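The block underneath contains the structure these notes are about, expressed in structure tokens.
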Amino acid sequence: MLSLTILLLVLVKALFVVLLALAFVPFLVWLERKGSAIIQDRVGPNRAAIGFVRLGGLVHLLADSLKMLSKEDLIPREVDRFYYYLAPFLVAMVSLMLLAVMPFADQQWGVPMQVLTLNAGVIYILSIASLNVYGIVLAGWSSSNKFALLGGLRSSAQLVSYEIPMGLALVGALMVYNTVQLNEIVVAQGQVVLGFLPAWGIWYQPLGAILFTICAFAETNRTPFDLAEGESELVAGYHTEYAGMKFGLFFLAEYVAMVASSALIVTLYFGGWQVPYFTTEGLIAHAALLFTIACLAAVPLLIWLAIAFHQSYLRNLGRFKDIRDQEGHIYSRLCWGLMMVALLAAVAAALLPWPVWLAQAFALVAQIGCFLVKILLMCAFFIWVRWTLPRFRYDQLMQLSWRTLLPLALLNILLTGAMILAKA
Amino acid sequence: MNISRPRPYSFLRDTYLWEIMHGMMVTMRHVLRNLRHWGQMPTIEYPEHKKIMPPGYRAQHRLTKREDGTVRCVACMMCATACPAECIHIIAGEHPNPEVEKYPLKFDIDLLECVFCGMCVEACPVDAIRMDSGKYTFVGFNRNDFIIHKEALLATEPLYPGGDPPR
Numbered sequence: 569m570l571s572l573t574i575l576l577l578v579l580v581k582a583l584f585v586v587l588l589a590l591a592f593v594p595f596l597v598w599l600e601r602k603g604s605a606i607i608q609d610r611v612g613p614n615r616a617a618i619g620f621v622r623l624g625g626l627v628h629l630l631a632d633s634l635k636m637l638s639k640e641d642l643i644p645r646e647v648d649r650f651y652y653y654l655a656p657f658l659v660a661m662v663s664l665m666l667l668a669v670m671p672f673a674d675q676q677w678g679v680p681m682q683v684l685t686l687n688a689g690v691i692y693i694l695s696i697a698s699l700n701v702y703g704i705v706l707a708g709w710s711s712s713n714k715f716a717l718l719g720g721l722r723s724s725a726q727l728v729s730y731e732i733p734m735g736l737a738l739v740g741a742l743m744v745y746n747t748v749q750l751n752e753i754v755v756a757q758g759q760v761v762l763g764f765l766p767a768w769g770i771w772y773q774p775l776g777a778i779l780f781t782i783c784a785f786a787e788t789n790r791t792p793f794d795l796a797e798g799e800s801e802l803v804a805g806y807h808t809e810y811a812g813m814k815f816g817l818f819f820l821a822e823y824v825a826m827v828a829s830s831a832l833i834v835t836l837y838f839g840g841w842q843v844p845y846f847t848t849e850g851l852i853a854h855a856a857l858l859f860t861i862a863c864l865a866a867v868p869l870l871i872w873l874a875i876a877f878h879q880s881y882l883r884n885l886g887r888f889k890d891i892r893d894q895e896g897h898i899y900s901r902l903c904w905g906l907m908m909v910a911l912l913a914a915v916a917a918a919l920l921p922w923p924v925w926l927a928q929a930f931a932l933v934a935q936i937g938c939f940l941v942k943i944l945l946m947c948a949f950f951i952w953v954r955w956t957l958p959r960f961r962y963d964q965l966m967q968l969s970w971r972t973l974l975p976l977a978l979l980n981i982l983l984t985g986a987m988i989l990a991k992a
Numbered sequence: 003m004n005i006s007r008p009r010p011y012s013f014l015r016d017t018y019l020w021e022i023m024h025g026m027m028v029t030m031r032h033v034l035r036n037l038r039h040w041g042q043m044p045t046i047e048y049p050e051h052k053k054i055m056p057p058g059y060r061a062q063h064r065l066t067k068r069e070d071g072t073v074r075c076v077a078c079m080m081c082a083t084a085c086p087a088e089c090i091h092i093i094a095g096e097h098p099n100p101e102v103e104k105y106p107l108k109f110d111i112d113l114l115e116c117v118f119c120g121m122c123v124e125a126c127p128v129d130a131i132r133m134d135s136g137k138y139t140f141v142g143f144n145r146n147d148f149i150i151h152k153e154a155l156l157a158t159e160p161l162y163p164g165g166d167p168p169r
């Protein structure tokens, strides 16, 4: 009976994590498209609408996914069917599996808030991340297309090269935390150092954090390391021959991998689910006060949003000459309504007594929210880098890995060891 | 001999990271500026806003008229001869006025063939054809929709009748 409960809990947590990761994807695609537009002085997607809802182009993603799902599933004649089908699933699955050991909140009600409480957390991540290359190589090989094959080839060499500095950069972090269990790593980052800094890993491992971030970029095949799909050289690289939802899976996997590596960077170097300056006990103890403050802080923000929406409504009056013109007006109303709700919630939280379970739930939600905000900022950083830097040349890529990152990672281990020795 | 060689990069530049930060500051500056002045983006959002075309813009052709409203064209075939795309099809008829001699019974331009080079305008000896209508969007459901006939060409108005674009 007990094992059934545990199984159910694991299933629920797995569902939560997978759905959250998949829900992140359209948002990230939107952020990518809109962010690139703003960086390049463009307006970006803004036309697709359901009724009056445009949401600044967010509806485009729905149209995109519908298009991908309803597209003809084209299969070239010469492909190796089995591996051709296997590759996108492998890539998507591996990216999702990475999230299995990510702790997203502190243990609450005796339930660890990660899908798998593996003792080998970091090792698991490294081993699963190395599987990623199989999907890409299989896709390149089975497509029987020379561009796809070249993409797969490049990708395999790149991933193998960058796994080494990545693993070595991790070693430094593991020496500091003295554990490979990810939740324990996050718990260790809960204090405050020097009186004002949250005790995040980046203060103990600045070099390691930079090295790890660079390697994470390479591992997720993001610019400046996206040689596997260098569209100006290889058409589309390893997924040249894929159409419809099979291409969609590759696309999805790229963003899920981005979420996963952001989550890993945040967990290792930016305090994971830790809300800065607040321990879990502190969050539970001051739940009512913190909730009230959060609600009150939301009020001026919502008022500002409401005014901004109203101004945009006035500015775009008569632009489309249909219900879309009303959008800003409706959102403005919505913001006023939300402001009232926030005010009421603040008053209610201040006056009504808080049961312990509610305070615990508040701590849980606050920690999950903090984790998600950190991941989102990290993903925004990924996108920012992508639209700033050009792609590396292949020899530069290899040189960076073997002649720069690898010695630096070794140096990092040496320095970390010396520091630990000096402290002891 | 004095040879100027490129100086080796300083250590800071060699690390890439410093220069990457520089580049990222550039893009961040664009982001902040565009977020603050959203309306001043150079994008022209087409169906609602249209670009004001300069007076010299070569758009769809039109046929000019005489003072009495008849077609100015004398069906001399100069434009059809000059046309590199061979998109002008003229059938000449006899003009009632013997001084004019000829006028076009049929004057068709196939816009799908036209390359908008303006040679016909250059070739015309009587200033009968011009490309100053400012029309650059052509929409149709079949190929015949893109062949414009004499009547439509005559009915087309110039974009700037005064000769200058509006301020």
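Those protein sequences? They're chains A and B, same order as listed.
For the first sequence, the working numbering begins at 569 and goes up steadily by one.
For the second sequence, the working numbering begins at 3 and goes up steadily by one.
Glycine included, every Cβ here is placed at the ideal spot set by N, Cα and C.
On a predicted model such as this, the values are computed, not experimentally measured, just so you know.
| query | result |
| --- | --- |
| For A:G740, the first and last residue of its enclosing alpha helix (DSSP H) | K714 to Y745 |
| Residue interval of the beta strand (DSSP E) (run including A:G776) | First-last for A:G776: P774 to E787, but that is the alpha helix (DSSP H), not the beta strand (DSSP E). |
| CB contact check: B:T45 to chain A, cutoff 9 Å | yes |
| Rounded Cβ spacing between A:V843 and A:A914 (contact assumed at less than 8 Å) | In fact, because the Cβ distance is near 19 Å, the residues do not count as touching under 8 Å. |
| B:D29 at chain A interface by Cβ criterion, 9 Å | A small fix is needed here, since residue 29 of chain B is Thr in this sequence, not Asp. Interface residue, yes. |
| With 16 other Cβ atoms within 10 Å as the buried cut-off, status of B:M27 | exposed |
| Cβ distance (whole Å) where B:C75 is taken to contact B:A125 below 8 Å | That pair is no contact at about 12 Å. |
| Bridge partner(s) assigned by DSSP for B:E96 | B:K104 |
| Supposed contact pair A:V953 and A:I791 - C-beta distance, whole angstroms, cut 8 Å | The residue you asked about is not Ile; residue 791 of chain A is Thr in the sequence shown. Correct: roughly 7 Å between the Cβ atoms. |
| Element boundaries [alpha helix (DSSP H), containing A:Q928] | V924 to R954 |
| Straight-line Cα distance separating B:I46 from B:K53 | 7 Å |
| Proximity test, Cβ basis, 9 Å: A:R649 and chain D | Note that chain D does not occur in the displayed structure, where the protein chains are A and B. |
| Strand pairing of B:H91, partner residues [DSSP] | B:D110 |
| B:V141 - DSSP class collapsed to helix/strand/coil | coil |
| Cβ-Cβ distance between A:E646 and A:G812 below 9 Å | no |
| Distance between A:E822 and A:L630 (C-alpha atoms, nearest Å) | 18 Å |
| Cβ of B:N36 within 9 Å of any chain A Cβ | yes |
| Beta-carbon spacing of B:F148, B:D112 below 9 Å | yes |
| Close Cβ partners of B:V117 (< 7 Å) along its chain, the five nearest in sequence each way excluded | P86 and A87 |
| Interface flag, A:D963 vs chain B, CB-CB below 9 Å | no |
| Chain-ordered neighbours of A:T956 on chain B, where CB pairs are closer than 8 Å | I22, G25, M26, V28 and T29 |
| Nearest candidate by alpha-carbon position, reference A:L775, set A:Y845, A:N751, A:R887 and A:P733 | A:P733 |
| Where the region 583 to 617 of chain A meets chain B: residues whose CB sits under 7 Å from a CB there | I606, I607, D609, R610 and V611 |
| Residue environment, A:F877, which counts as buried when at least 16 other CB atoms sit within 10 Å | buried |
| Test item: CB-CB of A:A660 and A:L820 under 9 Å | yes |
| Sequence-distant residues of its chain with Cβ nearer than 8 Å to A:V586 (five each side left out) | L664 and L667 |
| Complete runs of the alpha helix (DSSP H) confined to the region 606 to 644 of chain A [at least 4 residues] | 627 to 638 |
| Option in A:L836, A:Y730, A:L976 and A:I936 with minimal Cα separation from A:W768 | A:L836 |
| Chain A contact for B:L65 (CB, 9 Å cutoff) | no |
| Rounded straight-line distance, which links the Cα of A:Y899 to that of A:A977 | 50 Å |
| Short-range partners of chain B found in the region 928 to 953 of chain A, where Cβ spacing is below 8 Å | W952 and V953 |
| CA nearest to the CA of B:G95, picked from B:R68, B:R7 and B:A77 | B:A77 |
| Any chain B beta carbon closer than 9 Å to A:F785 | no |
| contact_flag[the region 683 to 691 of chain A, the region 842 to 857 of chain A] where n(CB pairs < 8 Å) is 3 or more | no |
| Other residues of its chain near A:G798: CB distance less than 7 Å, five sequence neighbours each side excluded | G805 and R959 |
| Beta-carbon gap between A:K991 and A:F838 smaller than 9 Å | no |
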